Structures are given as structure tokens and as C-alpha cells.
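Protein chains in written order, with full-length UniProt numbering: chain A, 1 to 519; chain B, 1 to 295.
By construction, the Cβ of each residue, glycine as well, lies at the ideal position given by its N, Cα and C atoms.
Quick caveat: nothing in here was measured; it's all calculated off a predicted structure.
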Amino acid sequence: MAAQRETPLLVEVHPADFEVLEDGKNVFASSVSTLESSSSSPELASLPAEDLSTNSNGPKPAEFMPDDDREELFAEATEEVSLDSPVRDPVLSPEPIPASTPVTPITLGAPRMESKTVTAPVIFDRSREEIEEEASGDLLDIEINVLDPEKVGDGMNAYMAYRVTTKTSLSMFHKNELSVKRRFSDFLGLHSKLATKYMHIGYIVPPAPEKSIVGMTKVKVGKEDSSSAEFVEKRRAALERYLQRTAKHPTLLQDPDLRQFLESSELPRAVNTQALSGAGILRMVNKAADAVNKMTIKMNESDAWFEEKQQQFENLDQQLRKLHASVEALVCHRKELSANTAAFAKSAAMLGNSEDHTALSRALSQLAEVEEKIDHLHQEQAFSDFYVFSELLGDYIRLIAAVKGVFDHRMKCWQKWQDAQIILQKKREAEAKLQLANRLDKLQQAKDDIKEWETKVQQGEKDFEHISKTIREEVQRFERERVKDFKTVIIKYLESLVQTQQQLIKYWEAFLPEAKSIA
Amino acid sequence: MTTTLTEIKHLPTLALLFCCEYLAIFKKTVAMHEVFLCRVAAHPILRKDLNFHVFLEYNQDLSVRGKNKKEKLEDFFKNMVKSADGVIVSGVKDVDDFFEHERTFLVEYHNRVKDASAKSDKMTRSHKNVADDYNRIGSSLYALGTQDSTDICKFFLKVSELFDKTRKIEARVSADEDLKLSDLLKYYLRESQAAKDLLYRRSRSLVDYENANKALDKARAKNKDVLQAETTQQICCQKFEKISESAKQELIDFKTRRVAAFRKNLVELAELELKHAKGNLQLLQSCLAVLNGDT
Numbered sequence: 001m002a003a004q005r006e007t008p009l010l011v012e013v014h015p016a017d018f019e020v021l022e023d024g025k026n027v028f029a030s031s032v033s034t035l036e037s038s039s040s041s042p043e044l045a046s047l048p049a050e051d052l053s054t055n056s057n058g059p060k061p062a063e064f065m066p067d068d069d070r071e072e073l074f075a076e077a078t079e080e081v082s083l084d085s086p087v088r089d090p091v092l093s094p095e096p097i098p099a100s101t102p103v104t105p106i107t108l109g110a111p112r113m114e115s116k117t118v119t120a121p122v123i124f125d126r127s128r129e130e131i132e133e134e135a136s137g138d139l140l141d142i143e144i145n146v147l148d149p150e151k152v153g154d155g156m157n158a159y160m161a162y163r164v165t166t167k168t169s170l171s172m173f174h175k176n177e178l179s180v181k182r183r184f185s186d187f188l189g190l191h192s193k194l195a196t197k198y199m200h201i202g203y204i205v206p207p208a209p210e211k212s213i214v215g216m217t218k219v220k221v222g223k224e225d226s227s228s229a230e231f232v233e234k235r236r237a238a239l240e241r242y243l244q245r246t247a248k249h250p251t252l253l254q255d256p257d258l259r260q261f262l263e264s265s266e267l268p269r270a271v272n273t274q275a276l277s278g279a280g281i282l283r284m285v286n287k288a289a290d291a292v293n294k295m296t297i298k299m300n301e302s303d304a305w306f307e308e309k310q311q312q313f314e315n316l317d318q319q320l321r322k323l324h325a326s327v328e329a330l331v332c333h334r335k336e337l338s339a340n341t342a343a344f345a346k347s348a349a350m351l352g353n354s355e356d357h358t359a360l361s362r363a364l365s366q367l368a369e370v371e372e373k374i375d376h377l378h379q380e381q382a383f384s385d386f387y388v389f390s391e392l393l394g395d396y397i398r399l400i401a402a403v404k405g406v407f408d409h410r411m412k413c414w415q416k417w418q419d420a421q422i423i424l425q426k427k428r429e430a431e432a433k434l435q436l437a438n439r440l441d442k443l444q445q446a447k448d449d450i451k452e453w454e455t456k457v458q459q460g461e462k463d464f465e466h467i468s469k470t471i472r473e474e475v476q477r478f479e480r481e482r483v484k485d486f487k488t489v490i491i492k493y494l495e496s497l498v499q500t501q502q503q504l505i506k507y508w509e510a511f512l513p514e515a516k517s518i519a
Numbered sequence: 001m002t003t004t005l006t007e008i009k010h011l012p013t014l015a016l017l018f019c020c021e022y023l024a025i026f027k028k029t030v031a032m033h034e035v036f037l038c039r040v041a042a043h044p045i046l047r048k049d050l051n052f053h054v055f056l057e058y059n060q061d062l063s064v065r066g067k068n069k070k071e072k073l074e075d076f077f078k079n080m081v082k083s084a085d086g087v088i089v090s091g092v093k094d095v096d097d098f099f100e101h102e103r104t105f106l107v108e109y110h111n112r113v114k115d116a117s118a119k120s121d122k123m124t125r126s127h128k129n130v131a132d133d134y135n136r137i138g139s140s141l142y143a144l145g146t147q148d149s150t151d152i153c154k155f156f157l158k159v160s161e162l163f164d165k166t167r168k169i170e171a172r173v174s175a176d177e178d179l180k181l182s183d184l185l186k187y188y189l190r191e192s193q194a195a196k197d198l199l200y201r202r203s204r205s206l207v208d209y210e211n212a213n214k215a216l217d218k219a220r221a222k223n224k225d226v227l228q229a230e231t232t233q234q235i236c237c238q239k240f241e242k243i244s245e246s247a248k249q250e251l252i253d254f255k256t257r258r259v260a261a262f263r264k265n266l267v268e269l270a271e272l273e274l275k276h277a278k279g280n281l282q283l284l285q286s287c288l289a290v291l292n293g294d295t
């Protein structure tokens with residue numbers, strides 16, 4: 001059934017694109033209009049496009065897409081539709097790229113890329129349109145839950161395994177209901193892959209929950225107390241929110257790594273996420289280098305929007321941190337209140353016991369009972385304070401860090417473009433010198449160099465425009481999601497406060513006649 | 001401009017906060033004094049005291065001299081002696097069932113009231129901390145609301161307002177708990193201590209009486225100073241019987257007053273808790289209605 005839906009789309013789109021290419025018009029503009037997809041798809045398409053060229057049939061003549069290549073692509077597309085495509089995944093995921101360097105498919109020559117992007121968007125937009133059809137009003141038909149944390153193994157090699165269940169009717173998944181077991185490092189591995197692929201082209205990839213050596217050690221050592229149970233629950237909830245947020249992103253949802261994470265029963269162990277591994281140390285070095293670079297890049301901002309937005313995010317970050325600190329204090333004090341109420345309840349019960357006036361004694365015992373119930377109420381409220389309100393704020397503080405990261409990538413992109421322009425200038429000067437010196441032997445090389453760097457400058461400018469565009473859309477999407485999230489969460493939180501008050505009323509209403517009946 | 005707005009909004013709040021605190025403490029002090037005066041007025045003997053009458057009637061300033069160093073030192077020593085003595089005296093078993101029962105009861109009751117009073121204090125302090133946190137959250141939400149560029153700013157401002165109002169209610173809950181529960185327990189801590197002291201004085205007088213008896217027997221045996229011993233014994237006997245009688249009455253009154261005070265305070269506590277919870281609920285529900293209506 002899915003096949004019937006998809007193929008007409010393919011047939012209809014493709015000839016149009018071919019015409020466009022023959023006319024030599026801007027491929028991107030028309031592919032955007034004919035495919036009616038958001039402009040982020042060409043960029044995304046550029047990733048697999050490059051891989052199609054490297055994986056299938058080796059280097060090809062750049063300008064024109066040969067027929068058999070096209071057929072092959074279609075063949076792959078139809079395979080995908082029949083929900084049986086182990087072949088497709090390796091083709092489309094940019095795994096061949098070595099893990100140590102960030103993925104930069106855009107470094108390949110531009111003409112080559114342009115021709116590839118004609119057909120590649122077709123595949124992606126099929127599933128993207130499917131997602132957008134179902135996403136009427138931003139409700140993607142996919143539900144992810146993280147459940148049943150289970151301790152696996154013993155001692156210091158022990159770890160917690162979480163069950164990740166997915167319910168969806170999206171056809172790009174093999175089944176409608178999936179269930180796999182994952183451990184924490186798997187989540188970190190997923191985030192690492194997504195961040196590597198998407199952050200540097202401007203997508204805001206939701207950050208994974210933070211590592212905690214202290215928390216995990218307690219669990220490993222086997223302390224069966226409430227603090228390690230709390231830690232596991234906190235982590236489970238955080239992992240669930242992380243996956244849900246990632247799946248809400250229409251671009252990330254299409255990513256094969258995410259799909260593999262949700263579907264495959266076996267996942268290669270992500271050792272690169274360990275802090276003390278080689279990759280971990282490399283990460284730390286890169287982070288430090290980045291921080292230094294950020295301070296030295298002086299960007300001429302031509303677009304005031306970006307400056308404004310960066311300032312806004314800076315302010316928002318500060319405000320959220322303050323609010324988060326206050327809410328954390330509230331959680332702490334509410335827990336104290338609960339403990340103190342429980343202690344008072346016990347004390348009141350004892351007092352009631354030693355009171356020799358029977359009616360008063362009974363009333364005091366009942367006061368003790370009321371206070372004990374109120375203590376449980378406070379505990380539940382503290383739970384709500386934390387999981388509903390405080391954790392949302394924590395999530396958004398980390399998300400804003402990701403947003404800032406994306407803005408930094410844009411700066412780096414700009415820097416790269418500027419650097420390319422400087423080198424081009426140097427090459428031109430070198431060529432001019434050679435001309436004067438009449439060094440014909442080296443002249444050809446110099447001309448070639450100039451050509452190479454001209455393309456690089458063009459590419460750099462294009463990349464910069466792309467990342468700026470993507471960021472604009474991403475930020476808009478982020479703001480929309482933020483507004484929705486905060487409204488939903490705060491209303492949920494207020495409802496929890498309402499419940500507490502309603503219970504309080506019930507308890508005190510029950511107690512009042514008892515107090516009055518003291519004779 | 002936004003920063004000045006924030007400042008202006010919170011200046012009155014700070015002043016209000018201070019006033020609320022001061023008012024709460026003032027209410028407490030007034031209540032405690034009233035209870036004390038009523039107690040004295042209700043007491044059959046103390047109500048006739050001249051000092052009391054002067055206090056109530058003299059319409060100009062009383063000049064009350066605080067205790068000087070010597071008197072404070074005297075008090076200190078008296079307490080030391082009393083506690084040491086109390087240990088000795090409490091070893092003496094009482095013949096009278098009523099007083100024996102009272103003593104066991106009072107010792108246990110006093111300890112438990114002490115514990116309950118301490119725990120109640122901690123609980124009310126925690127409540128106050130929660131109220132203070134609400135205040136900070138309200139301010140943070142206000143800052144978020146004034147600085148946000150999206151349509152969520154109205155939302156934040158409404159919620160900030162809610163937190164400001166609910167904080168006031170929570171602060172009153174804490175203050176009322178303090179007034180009706182903590183202060184009640186503190187008062188009865190002191191009352192039960194006073195009752196224990198009374199028992200101690202009676203036991204002291206009993207010991208004196210028994211010693212006087214022994215002295216009399218000895219004097220009669222030696223036939224020396226018999227008359228003096230007899231007088232001493234009679235005085236001790238009178239003292240003991242008098243104190244026993246008044247103590248009995250006092251202790252019965254203590255029970256009656258205690259029951260009445262607890263009843264009054266527990267009823268008022270429950271009524272106030274209900275009032276505040278209902279107020280809170282109404283605030284929350286109306287705020288939710290507005291927020292849900294907007295989205």
C-alpha cells in the first residue's frame with residue numbers, strides 16, 4: 001500500500017527535475033518549489049548524495065546523471081518501500097567517513113553535488129512528506145517510551161539496561177511496534193553520531209542526558225537504597241525525554257542511525273563515548289581548541305537577526321539558570337518539609353499516647369494521622385516539582401547550549417569562507433607574479449590552483465548561506481517548541497499544585513469535627 | 001526600562017514582606033501576653049495580687065526594673081540547687097496515688113511536649129522556606145516574562161503573579177501553624193515544667209515533714225527540745241497539707257485548661273488551614289482557567 005502511494009510521487013517529480021537541470025537553472029530553487037519541501041532537504045540530500053557517488057559505481061562523470069544510476073536509485077527506493085531494505089541503510093548513512101573528523105560532505109566539488117541532489121531529494125522527501133502529512137499540527141505519529149531499568153551484570157562492569165519501546169505507523173520503520181534494550185552509552189553514541197552529522201550544518205540536535213560517575217558507581221556497587229533508585233528513575237525519565245525530543249525533529253527522525261537505534265536488537269558498543277577513551281580525550285582537546293578559536297573569531301555580522309538572537313539566547317540562558325536554581329531549592333525545601341512533617345506526626349502521636357484526657361488524646365492521634373498524610377502529599381508534590389518543572393528547565397538549559405553551539409558552527413563556517421578568500425587572493429597574486437616572470441611551466445599549476453580555490457570560495461559562501469538559512473528555520477522551530485513545552489509543563493505543574501490543595505482540604509475537613517468534639 | 005520596572009515592582013513587595021513578617025511576630029507576642037494575663041486573672045489567688053491590679057489599672061507608664069546581675073546570679077544558683085535536689089527528691093515515693101500518678105504523667109508528658117514543640121518549630125520553618133522559594137520563583141518568572149520575545153511572555157507574567165499570591169498564602173499558613181501549634185506546644189512545655197516544679201516543691205515539703213517527724217521522734221526519745229521539735233513538725237505538717245491541697249487543685253485546673261487550650265487551638269488551626277487551602281485552590285484554578293483559555 002505504501003508503494004502505491006509513493007511511486008506516483010517519484011514518477012511525477014523526476015522528469016521535472018531533469019528538465020530543470022537541462023535548462024541550467026538553479027537546481028535548489030526549483031527542487032524546493034516542485035517538491036514542496038522545506039529547503040533543508042537539499043542540504044540533507046547532499047549527505048547521501050556524496051555517498052551514493054562513493055559507494056555505488058565509483059567516480060562518475062560529474063555533469064549528468066546516467067540513466068542506469070537513476071534506475072539504481074529507484075530500485076533502491078522501491079526496495080525501501082517494500083520495508084525490506086538492509087541494503088539501503090549503509091548506502092545512505094555516511095558511515096564511511098572516519099569518525100575522528102567531523103563529516104563534511106560539502107567539501108566535494110560543487111558541480112558533482114548539484115547533479116546528485118536532483119535525484120536524492122526524491123527519496124528523502126517521500127518519507128519526509130509522509131511525515132509531514134501525518135504531522136498536521138506538529139503531532140508526529142511516533143510514540144517512544146523508556147521503561148524497565150534493569151541491572152545487568154555485577155560489580156564495576158555492571159550497567160543498567162533500559163527498554164526502549166516505539167509505537168508508530170510511519171512506514172520507514174520495519175514494524176509498528178518495536179522494543180529493544182539499550183544502555184546509557186548507546187544513547188550517548190546515538191547523540192554523538194547525530195551531532196557529528198547535523199550540528200555543523202546548522203541543525204539543533206537535542207543533547208543527551210549528562211553522565212554521572214557518582215550516581216552510576218552507587219548503582220554498580222549495588223546500593224539498594226532510595227537515592228540510587230531515585231538516580232535510576234531520574235535517568236530513565238531523562239532518556240525518555242531525550243528520545244522524544246529527538247524524534248520530534250522532522251529531519252532527525254529520518255536519520256538511519258536513529259532508526260537503527262530504535263529497531264536493531266543488537267547495537268555495536270559505543271566505546272568512543274567513554275570519557276577516558278582516546279576519542280574522549282580527543283573530544284576534550286577539540287573543545288578546548290574550539291573555545292580558544294571562538295574568542296579569536298571576529299565576525300562581521302551582516303545580518304542583525306543573528307546578533308539579536310544570540311543576545312536573546314544569552315539572556316534566556318541566564319534567566320533559566322536562575323529559575324532552575326530557585327526550583328531546585330524548592331524541591332530541597334519541600335523534601336525537608338515532608339521529613340519534618342513526618343517527624344512531627346510521630347511526635348504528636350506520642351504526645352497523644354501520653355495525654356490522659358481521652359478525647360484530647362484521640363484528637364492528637366488524629367492530628368498525627370493527618371500530618372502523616374500531609375507528609376506523603378508533600379513528597380508527591382516534591383516529586384512533581386522535580387520531574388515536571390525542574391527537569392524541564394535543566395533540559396532547556398542544555399538545549400540552549402546546543403543552540404549556541406550551532407551559532408558557533410556558523411561562525412566557523414564564515415571563518416572558513418573568509419580563509420578561502422584570502423588564499424584565493426594569494427593564489428591570484430602568485431599567478432600574476434609567475435606571468436610577469438614568464439614561468440610558463442608553473443603557470444598551469446597556478447591557474448589550476450586558482451580554479452580550485454575559486455570553487456572553494458563559492459562553496460564556502462554557499463555553505464554559509466545554507467547554514468544561516470537552516471539556523472533561521474531551526475531557531476523558529478525551537479522557539480515554537482519551547483513555547484509549547486513550557487506552556488504544557490507549567491500547566492501540568494499547576495495542576496499538581498491544585499491536586500495537593502484539594503487533598504489538603506479533604507484532610508483538614510475530616511479533622512475539624514474531631515477537634516471540635518474534644519469535650 | 002524593563003529593569004526599572006522590575007525594581008519598582010519588587011520594592012513594595014520587599015516592604016510588604018517585611019511588614020508581613022513583623023505583623024506575624026507582633027500577633028504572636030500579643031497572643032502570648034493575652035494568654036498570660038488571662039491565666040493570672042483566672043487564678044483564685046493570683047488574681048488578688050496587688051501587683052496585678054496595678055498593672056491593669058495604672059494609666060501611666062510603669063517603671064519596671066530589670067533583674068540586676070546579683071539577682072540573675074541568684075536565679076542561676078537556685079536552678080542548680082533545684083535540679084540537684086530534684087534528683088534526690090524524686091527518688092522519694094509518694095503515698096498519695098493522685099500525686100504519684102500525676103508525677104509519672106507529668107514527667108512523660110513534659111518530655112513529649114518538648115519533642116513535639118521542637119518538631120513543630122522545624123515544620124513551620126520548612127513551610128516558611130517553601131514560601132520564600134515561591135517568592136524567588138515568582139521573581140524569576142517575572143524577569144523571564146518581561147524579557148521574552150515570544151507570546152509566552154504573557155503566560156510567564158500570569159504565572160509569576162500566581163506565585164506571588166500563592167506565596168503570601170503559604171507564608172500565612174506557616175505563620176498560623178506557628179501561632180496555633182508551635183506556640184501552644186511551647187506554652188504547655190513551660191506549663192508542664194511549672195507543674196513539675198510544683199510537684200517538686202511539694203515533695204520537698206514532704207521530705208521536710210518526714211525529717212521533722214524523725215527529729216521529733218529522736219527528740220522524744222532523748223527527751224530534749226521536744227517542744228521545739230513538735231512546733232517544727234507541726235509547721236512542716238501544715239505546710240505540706242496546704243501545698244498538697246493547692247497543688248491538687250492546680251493540677252486539676254492544669255488539665256482542664258490544657259484540654260480547653262488544645263481544643264481551641266486545634267479547631268482554629270484546622271479552620272485556618274482549610275481557609276488557606278481553599279484560597280490557594282481558588283487562586284490556582286482561576287489562573288489555570290486563564291492560561292488554558294489563552295492557549
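**OP:** Determine the burial state of valine 388 of chain A: buried for a count of at least 16 other Cβ atoms within 10 Å of its Cβ, exposed for fewer.
**Re:** buried
**OP:** Pick out whichever of A/Val219, A/Val214 and A/Leu147 has its Cα sitting closest to the Cα of arginine 163 of chain A.
**Re:** A/Leu147
**OP:** Work out the CA separation of leucine 185 of chain B and aspartate 141 of chain A for me, nearest whole Å.
**Re:** 59 Å
Subject >> Sequence ranges, alpha helix (DSSP H) only - wholly within the stretch 241-312 of chain A, length at least 4 >> reply: 250-253, 256-263 and 278-296
Original post:
Mind checking whether the beta-carbon of arginine 398 of chain A lies closer than 7 Å to any heavy atom of the ligand FMN?
Top reply: Looking for the ligand FMN in the displayed structure turns up nothing, as the structure carries no ligands at all.
**OP:** Work out the CA separation of glycine 352 of chain A and leucine 106 of chain B for me, nearest whole Å.
**Re:** Roughly 13 Å separates the two Cα atoms.
**OP:** Since I believe histidine 249 of chain A is in contact with histidine 409 of chain A (beta carbons under 8 Å), could you give me their beta-carbon distance rounded to a whole number of angstroms?
**Re:** The beta-carbon distance between histidine 409 of chain A and histidine 249 of chain A, rounded to whole angstroms, is 17 Å. This is too long to meet the 8 Å contact definition.
Original post:
Any chance the stretch 413-426 of chain A sits against the stretch 442-459 of chain A, with 3 or more Cβ pairs inside 8 Å?
Top reply: yes
Subject >> the stretch 321-332 of chain A touching the stretch 135-144 of chain B, judged by at least three CB pairs closer than 8 Å >> reply: yes
Subject >> DSSP-derived helix/strand/coil call for leucine 178 of chain A >> reply: strand
Subject >> Contacting residues, own chain, Cβ-Cβ under 6 Å from phenylalanine 231 of chain A (five flanking each side not counted) >> reply: Gly215
Subject >> DSSP-derived helix/strand/coil call for tyrosine 187 of chain B >> reply: helix
Original post:
Which same chain residues, not among the five before or five after alanine 229 of chain B, have their C-beta less than 7 Å away from its C-beta?
Top reply: Ala215, Leu216 and Ala219
Original post:
What residues match up with threonine 166 of chain A in a beta bridge as DSSP calls it?
Top reply: A/Ile144 and A/Leu178
Original post:
Is it buried or exposed for lysine 391 of chain A, if we count other Cβ within 10 angstroms and need 16 for buried?
Top reply: Correcting the residue identity first, residue 391 of chain A is glutamate in this sequence and not lysine. By the neighbour-count rule (16 or more Cβ atoms within 10 Å), glutamate 391 of chain A is buried.
Subject >> Span separating the alpha-carbon of cysteine 19 of chain B from that of isoleucine 25 of chain B >> reply: Straight through space, the alpha carbons of isoleucine 25 of chain B and cysteine 19 of chain B are spaced by roughly 10 Å.
Subject >> Pairwise C-alpha distance: isoleucine 471 of chain A and arginine 482 of chain A >> reply: 16 Å
**OP:** Report yes or no: do three or more beta-carbon pairs, one from the stretch 151-161 of chain B and one from the stretch 115-130 of chain B, lie closer than 8 Å?
**Re:** no
**OP:** Taking only beta carbons into account, state which residues of the stretch 394-411 of chain A come closer than 8 Å to chain B, listed in chain order.
**Re:** none
Original post:
Quick one: what's got a C-beta closer than 8 Å to valine 113 of chain B's C-beta in the same chain, skipping five residues either side?
Top reply: Leu185, Tyr188, Leu189 and Ser192
**OP:** Would you mind telling me which residues of chain A sit closer than 7 Å to leucine 266 of chain B, beta carbon to beta carbon, in chain order?
**Re:** By Cβ distance, chain A contributes Ala363, Leu367 and Ala515.
Original post:
Does the beta-carbon of leucine 23 of chain B have 16 or more other beta-carbons within 10 angstroms, so that it is buried, or is it exposed?
Top reply: exposed
**OP:** May I ask you to report which of helix, strand or coil DSSP gives alanine 382 of chain A?
**Re:** helix
**OP:** State the Cα-Cα distance for the pair aspartate 385 of chain A and leucine 144 of chain B, rounded to the nearest angstrom.
**Re:** So the alpha carbons of these two residues sit roughly 19 Å apart.
Original post:
When burial is assigned at 16 or more other CB atoms within 10 Å of the CB, is asparagine 340 of chain A buried or exposed?
Top reply: buried
Original post:
In its own chain, which residues sit with a C-beta less than 6 Å from the C-beta of serine 361 of chain A, not counting the 5 before and 5 after it?
Top reply: Gly352 and Glu355
Subject >> residue 309 of chain B, buried or exposed, once every other Cβ within 10 Å from all chains shown has been counted against 16 >> reply: Residue 309 of chain B cannot be examined here, being either before or after the span of chain B that is shown, 1 to 295.
Subject >> lysine 224 of chain B - DSSP class collapsed to helix/strand/coil >> reply: coil
Original post:
Nearest CA to the CA of arginine 183 of chain A: which residue from A/Val205, A/Pro149 and A/Ser192?
Top reply: For the residues A/Val205, A/Pro149 and A/Ser192, the minimum Cα distance to arginine 183 of chain A belongs to A/Pro149.
Original post:
Does the beta carbon of alanine 277 of chain B come closer than 8 Å to any beta carbon on chain A?
Top reply: yes
Original post:
Cβ of alanine 464 of chain A within 8 Å of Cβ of valine 403 of chain A?
Top reply: According to the sequence provided, residue 464 of chain A is phenylalanine. The question's alanine does not apply to it. Against a cut-off of 8 Å, the Cβ pair of valine 403 of chain A and phenylalanine 464 of chain A comes out as no contact.
Original post:
Are the stretch 187-195 of chain A and the stretch 238-252 of chain A touching by the rule of at least three beta carbon pairs closer than 8 Å?
Top reply: These segments touch.
Original post:
Would alanine 212 of chain B pass as a contact of threonine 232 of chain B if the rule is Cβ separation under 8 Å?
Top reply: yes
Original post:
If you measure from the beta carbon of serine 120 of chain B to each beta carbon in chain A, is any gap under 8 Å?
Top reply: yes
Original post:
DSSP on valine 64 of chain B, reduced to helix/strand/coil?
Top reply: In the structure shown, valine 64 of chain B sits in coil (DSSP, three-state: anything other than H, G, I, E or B).
Subject >> asparagine 135 of chain B burial status per 10 Å Cβ neighbour count (16 or more: buried) >> reply: With 16 or more other Cβ atoms within 10 Å, it is buried.
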